[in-house]
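Since the structure comes first, as structure tokens, the remarks are kept for the end.
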Amino acid sequence: LRFRQLADRINDLLINNFDRLIAILYRMDVSDIKLKTLLKNNPGEDAGKIIAELMIERQAQKIKSKKQFPRREDNINEDERW
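Numbering (the working numbering), first residue to last: 413 to 494.
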């Protein structure tokens with residue numbers, strides 16, 4: 413999805429299915445404290461855009477972390493896996 417499409421979808425969830433949006437943010441492990449702070453400090457901004465930026469930032473953090481700390485299972489030869 414492009415950024416604008418993601419932000420639009422988030423805005424749709426904000427209006428029509430808030431519980432689903434909360435579940436997605438929870439599953440992605442987006443910081444609720446950071447989200448609340450950003451929304452509070454930027455009242456005139458597009459909430460979908462703010463949330464989309466946090467989601468993308470969180471995914472980037474996960475990718476960086478996986479590269480930095482690979483799981484042990486990822487280093488096992490294919491023949492040695494169960």
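The beta carbon of each residue, even a glycine, is placed where N, CA and C say it ideally should be.
None of the values given here were measured: they were computed from a predicted structure.
Checklist entry - Can you tell me the Cα-Cα spacing of Gln473 and Asn428, whole angstroms? => result On the sequence shown, position 61 is the one that residue 473 refers to. On the sequence shown, position 16 is the one that residue 428 refers to. About 29 Å.
Item to check | Glu465 - DSSP class collapsed to helix/strand/coil | outcome: On the sequence shown, residue 465 is found 53 positions in, with the first residue counted as 1. Here Glu465 sits in helix by DSSP.
Next on the checklist: Here's a check: name, in chain order, each residue in its chain whose Cβ is nearer than 6 Å to the Cβ of Ile463, leaving out the five neighbours to either side.
Outcome noted: Here residue 463 refers to the residue found at position 51 when the sequence shown is read from its first residue. Listed in chain order, the non-local C-beta contacts of Ile463 below 6 Å within the same chain comprise Ile422, local neighbours out to five positions each way being set aside.
Item to check | Gly460 classed as buried or exposed, judged by whether at least 16 other C-beta atoms fall within 10 angstroms | outcome: One-based indexing of the sequence shown puts residue 460 at position 48. Label assigned to Gly460: buried.
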